[in-house]
Amino acid sequence: MILLIKNGRVIDPANKIDAVMDILIEDNKISKVAKNIQVKAETIIDAENKIVAPGIIDMHVHLREPGREDKETVASGTAAAAKGGVTTVLAMPNTQPAMDCPKSVELLQKIIDKDAKVNVLVCGAITKGRLDQELTDILALKKSGVYALSDDGASVDNDDLMLEALKKAKQARVLVICHCEDKKLSGKGVINSGFNSTRLGLRGISNESEYKRVKRDIELAEKAGTCVHIAHVSCHESVEIIAKAKKKGIKVTCETAPHYFALSEDDIVDYDTNMKINPPLRTKEDIAAIKAGLKDGTIDAIASDHAPHTENEKDIEFDRAEFGKIGLESGLAISIMELIDKKILSWPELIEKLAVNPARILGIDSGVLSIGAAADIIIVDADKKFVLDKKSIVSKSKNSPFIGRTLKGTVEYTIFNGKVVYKK
Amino acid sequence: MIWTRKDLLGLEYLTQEEIELILDTAESFKEVSTREIKKVPALRGKTAVNLFYEPSTRTRVSFEVAAKRLSADVINIATETSSVRKGETLIDTGKNIQALKADIIIMRHNYSGAANMLARALDISVVNAGDGWHEHPTQALLDIFTLKEKLGKIKGLNVAIVGDIAHSRVARSNIWGLTKLGANVTLCAPEVLIPVGIELTGVKISSNIDEVLKKADAVNVLRMQFERDEGAAFPEQLDYFKKFGITEERLAKAKKDIVVMHPGPINRGVEMSSEVADGANSVILEQVTNGIAVRMAVLFLVATAKESKTGFPLSRE
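Chains as they are written, first to last, in our numbering: chain P, 35 to 458; chain W, 42 to 358.
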């Protein structure tokens, strides 16, 4: 099978390429990147005036399977990923059962082998049942094929346990991802602590509940002499703490999510539960800090924190509704609108945040358009507008705060491992 | 000015003119309760449903009396014995009441935003009788009505709101209503009971009750809502009374005809002494009487709203 993508603006930051070129794909691999390739291909895609880039590597996705197939499955979640230009996802371990032992990982891996439309990497749990009591067998998890460890959705409160986890992860050569939240501080809070929580009469979640834990996890990583990745950075203090740590040479990386630079607490006008997210939507000041952190390199990656929930779990009183929103299908458009159009990042810089850096953090070979690399490629019309309407959402759950909004930037093709897995 | 909202969810969503329309309408309804036959046919054939998810006697009875004086039929749903206990969602409960062809749901709910959610889901009117810490618009309206009756105006008045502001929907509704009508509002409470960012509504904040009382034309004393926030840092009761309690000694240094209000029920000896509660400056029972007129006005306006589509708050129309 020979596939030729012609005349697109090829952006491949890892190889410092940003030029109008053709890409030839043979046997699922990139075989040539050059101007004006003349070959007889079975499929030719005209990518004129389109962006051609490595597929997105989304390192924070809740696929919900096994256990909550009513919210999402590997099949539906990866179909949503393909539509959003995502060719690799890191599946978070807060499934039922949690990904806390090789048996569970193998169970999920079987489902992935059967149903996944894009590459799915499994993230294992740090503690058994994610209960913050007892460490999982980290070495065994690594052997079973996990790419990272996290208790995402919860933080490991116990300092000694977390330090032990980091040390074991170092031995096993596996990345630890931290959901940074001190529950003693965030308590029963549901939105950012500030004028809006007061106005709406809702309990607040302070920045402190996040950044104090960021600080601790970085300190523990330094102590353990290993690297650590901070998930979903939402507030300005976290950005400052991470910047300082990086300057000091501590091996810390981090991600933010599109909603943390596109939405603020002011958007929670009328108890829209799709805006109920943990960590919460913060202030305009925090948005500015997140954008600055993306620009200056403090924030390495953009990940969706795709968190599907059913309407039953969202169409209820704000306090009772689940935290989280879907994001696989809107992340690229939101990033284009907020970061490219507002001149925060250049296109190569955005592709670094979406693909190159996540690949580097996870230690995988994707995120590049090198000769011989697996052909994970997206073709994007950066100027095409679309209204995100509920019916068009591929994910099983529809809990997007952007429903009804006009977004800009459509994925025209998603090519995974040399095959077109999504075509607009 | 014509009323165009199908719902009353909070005073934040209303304009000054709309608040004044409710107060004016209430004034004309007040007389009804002084008649020998305390009833007008304004809502005859309409059905109002009291849907209370929190225990309440005073507000529920006040709404019931108000609806009956307008000749509406009133149905009380006790959530402890209804299908709510069987796990029915709020929206399903609301839709069932709507399917019974009721015209108004008067709802008290322990979660903030519950009334907004219900109003969004239904075509019939929703009147918020208090939701979580969010708003209790009819309480603030009756406070403002009473104040206007006593002092002749709202604009320019110095109004102190004292006590548990953080957990109080009454405080929030009063703040929106009073500031929209041009009063100068000062909140007085221990720091832990002042919610973050509240000064952005234009109110002043003080922790010195004696200074605040000196300038105040009226003081609205709130209840400590210990039941609303388990585990929160509440001041010790006796200590609070010493520092913030409204006593005769404190009132002696205030303006002579300062109006003392309380939304009830009072914790005597915690936020206010018994002498003050029953004293000459207290209008607490007049508030209860005025509550009927204000709720009659609200029920009448929402049930006869000219364009029900515009009922939703914050210019969704």
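By construction, the Cβ of each residue, glycine as well, lies at the ideal position given by its N, Cα and C atoms.
Quick test of your reading: W:V253 and W:A201, contact by CB under 8 Å. State the CB separation rounded to the nearest angstrom.
5 Å
For the alpha helix (DSSP H) holding W:M313, just list the boundary residues, first then last.
No alpha helix (DSSP H) holds W:M313; DSSP gives it neither H nor E.
Of all the CB atoms in chain P, is at least one closer than 7 Å to the CB of W:G218?
no
Under 7 Å from the C-beta of W:W174: neighbouring residues of chain P:
In chain order, G235 make up the part of chain P whose C-beta sits under 7 Å from the C-beta of W:W174.
Going straight from the alpha carbon of W:A212 to that of W:A334, what length do you get?
Between W:A212 and W:A334, the C-alpha separation is close to 21 Å.
So, using beta-carbon positions, are P:L175 and P:A203 closer together than 7 Å?
Contact flag unset, no.
Residues bridged to P:Y456 (per DSSP)
P:T448
With 9 Å as the C-beta to C-beta threshold (strictly closer), list the residues of the segment 337-357 of chain P near chain W in chain order.
N346, D349, I350, E351, F352, D353, R354
Please compile the residues from chain P whose C-beta is within a distance smaller than 7 Å of the C-beta of W:M158.
Simply Y305, E351.
Please determine if the segment 142-154 of chain P and the segment 360-373 of chain P are in contact, where contact requires at least 3 C-beta pairs separated by less than 8 Å.
Verdict: no, contact absent.
Cβ of P:S227 within 7 Å of any chain W Cβ:
Taking Cβ atoms only, chain W reaches closer than 7 Å to P:S227, which makes this a yes.
Reduced DSSP secondary structure (H/G/I, E/B, other) of P:R303:
Checking the sequence shown, residue 303 of chain P turns out to be Val, not Arg. In the structure shown, P:V303 sits in coil (DSSP, three-state: anything other than H, G, I, E or B).
Am I right that P:T121 and P:F450 are in contact with their C-beta atoms under 8 Å? What's the rounded C-beta distance?
About 5 Å separates the beta carbon of P:T121 from that of P:F450, a gap short enough to meet the 8 Å contact definition.
Please return the same chain residues whose Cβ sits closer than 7 Å to the Cβ of P:A68, not counting the five positions on each side in sequence.
M55, D56, listed in sequence order.
Can you tell me the Cα-Cα spacing of P:A150 and P:A109, whole angstroms?
5 Å
How long is the line joining the alpha carbons of P:V152 and W:S248, rounded to whole angstroms?
60 Å
Using the three-state DSSP reduction, which class does W:I195 fall into: helix, strand or coil?
coil
Among residues of its own chain, excluding the 5 on either side of W:L52, which ones have a beta-carbon nearer than 6 Å to its beta-carbon?
P178, A181, S214, W217, G218
Taking the alpha carbon of W:V329 as the point to measure from, which residue in W:N91, W:M302, W:N308 has its own alpha carbon closest?
W:M302
Quick one: list the residues of chain P neighbouring W:S247, beta-carbon separation under 8 Å, in chain order.
Near W:S247 there are no residues of chain P at all, since even the closest Cβ is about 17 Å away, more than 8 Å.
If contact is defined by three or more beta carbon pairs under 8 Å, each pair taking one atom from either stretch, is the segment 402-414 of chain P in contact with the segment 61-73 of chain W?
no
If we ignore side chains and look at the alpha-carbon of each, how far apart do P:L169 and P:I91 end up?
28 Å
Looking at C-alpha atoms only, which residue of P:V156, P:T161, P:V190, P:D166 is the closest neighbour of P:V180?
Of the listed residues, the one whose Cα sits closest to P:V180 is P:V156.
Looking at C-alpha atoms only, which residue of W:V300, W:L263, W:I146 is the closest neighbour of W:K136?
W:I146
Hey, P:A81 and P:I45: beta-carbon distance below 7 Å or not?
no
What span of residues does the alpha helix (DSSP H) with W:N157 cover, start to end?
155-162
Determine the chain W residues that contact P:I231 at a beta-carbon separation under 9 Å, and present them in chain order.
One detail in the question is off: residue 231 of chain P reads as Ser in this sequence, not Ile. Per Cβ cutoff of 9 Å: P236, V237, G238.
Is any beta-carbon of chain P found at less than 7 Å from that of W:V339?
no
Since P:K463 and P:P342 should fall inside the 8 Å C-beta cutoff, what is the C-beta to C-beta distance between them, to a whole number of angstroms?
In this structure chain P extends from 35 to 458, so residue 463 of chain P is not present and cannot be described.
Against chain P, does W:A155 count as a neighbour if the rule is that its beta carbon must be under 7 Å from one of theirs?
yes
Exposed or buried, W:A321, counting other C-beta atoms within 10 Å across all chains shown (16 or more means buried)?
Classified as exposed, W:A321 has fewer than 16 neighbouring CB atoms from the shown chains inside 10 Å of its CB.
Helix, strand or coil for W:K350, going by three-state DSSP, please let me know.
Residue placement at W:K350 is poorly supported in this model, since its pLDDT is 48, which falls under 50; the coordinates still yield a value, given next. Of the three classes helix, strand and coil, the one that applies to W:K350 here is helix, per DSSP.
Along chain W, in chain order, which residues have C-beta atoms closer than 8 Å to that of P:Y238?
A quick correction: the sequence has Gly, not Tyr, at residue 238 of chain P. Simply V237.
Residues of the segment 63-78 of chain W whose Cβ lies closer than 9 Å to any Cβ of chain P, in chain order:
none
Whole-angstrom distance between W:V90 and W:A160, CA atom to CA atom:
14 Å
Secondary structure at P:P392, three-state DSSP: helix, strand or coil?
helix
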